[in-house]
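FYI, the UniProt record's numbering numbers position 55 of the sequence shown as 55, with every residue one higher than the one before it.
Ideal Cβ positions, reconstructed from N, Cα and C, are used throughout, including at glycine.
To keep things clear, I will list the structure first and then write my remarks on it.
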Amino acid sequence: MLTTQATDATGHIHDRSPVILPASFWEHWLDPSITDRDEVQAMVNSIPEPHLQPYEVSTAVNTVRHSRPLQRGTDRFGRRHACRVRQQCGAHRFHEVPFPGRMGWA
């Protein structure tokens with residue numbers, strides 16, 4: 001997992017944030033012929049900030065006793081939550097990107 005300094009709304013939770021690779025970077029990122037450190041660093045530096053927004057999650061994720069996944073979109077108390085990442089697409093416009101994992105970001 002590649003992380004960077006958290007500069008968005010999640011910075012008060014943790015000083016690191018995941019690097020979310022836009023789909024347009026995938027092919028280049030996975031190209032095994034790219035081995036130059038400066039080229040990789042330039043690519044990482046050009047990744048747009050993901051603008052993550054924190055939200056509360058169930059404490060059920062804190063223990064292995066809860067080995068089954070929570071129902072998507074709810075916590076163990078039946079409260080609804082989002083499971084999306086907002087990514088910037090163009091000047092000041094955002095779109096919702098489905099996120100399959102159980103992370104505490106919306």
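*Count the other CB atoms within 10 Å of the CB of Thr35; is the residue buried (16 or more) or exposed (fewer)?*
Sequence index remark: in the sequence shown, residue 35 carries index 35 (1-based). Classification of Thr35: exposed, given that the 10 Å Cβ count is below 16.
*Classify Ser17 as buried or exposed, calling it buried when 16 or more other Cβ atoms lie within 10 Å of its own Cβ.*
The residue labelled residue 17 in the question sits at position 17 within the sequence shown. Burial call: buried.
*May I have the straight-line CA-CA distance separating Arg84 from Ser24, to the nearest angstrom?*
The residue you call residue 84 lines up with position 84 of the sequence shown. The residue you call residue 24 lines up with position 24 of the sequence shown. In this prediction, Arg84 has a pLDDT of 42, which is less than 50 and means its spatial position is unreliable; what the coordinates show is noted afterwards. Rounded to whole angstroms, the gap between the alpha carbons of Arg84 and Ser24 is 19 Å.
_Test: Val40 CB closer than 8 Å to a CB of chain B_ = No chain B is part of this structure, which consists of one protein chain only.
*asked:* Within the continuous alpha helix (DSSP H) that includes Arg65, where are the two ends?
replied: Residue 65 sits at position 65 when you count from the first residue of the sequence shown. Arg65: not part of any alpha helix (DSSP H); DSSP gives it neither H nor E.
*Tell me the DSSP bridge mates of residue 113?*
A query on residue 113 cannot be resolved here, the shown segment of the chain reaching from 1 to 106 and no further.
_Quick check on this structure: which residue in Asp8, Ile20 and His14 has the alpha carbon closest to the alpha carbon of Glu44?_
Position 44 of the sequence shown, counted from the first residue, corresponds to residue 44. Note on identity: in this sequence residue 44 is Val, with Glu being the wrong assignment. When each option's Cα is compared against that of Val44, the closest is Ile20.
_8 Å Cβ cutoff met for Pro48 and Pro22_ = In the sequence shown, the residue the question calls residue 48 occupies position 48. In the sequence shown, the residue the question calls residue 22 occupies position 22. Result yes, Cβ atoms of Pro48 and Pro22 sit closer than 8 Å.
*Give the range of the alpha helix (DSSP H) segment to which Val44 is assigned.*
Reading the sequence shown from its first residue, position 44 is the one you call residue 44. Looking at the DSSP string, the run of the alpha helix (DSSP H) that includes Val44 is Arg37 to Asn45.
*Whole angstroms is fine: what's the gap from Ala9's alpha carbon to Glu39's?*
As a first step, residue 9 must be located in the sequence shown, where it is residue number 9. As a first step, residue 39 must be located in the sequence shown, where it is residue number 39. Answer to the nearest angstrom: the Cα atoms are 29 Å apart.
_Ser46 versus Leu52: straight-line alpha-carbon distance, rounded_ = Indexing the sequence shown from 1 puts residue 46 at position 46. Indexing the sequence shown from 1 puts residue 52 at position 52. Distance between the alpha carbons of Ser46 and Leu52: 17 Å.
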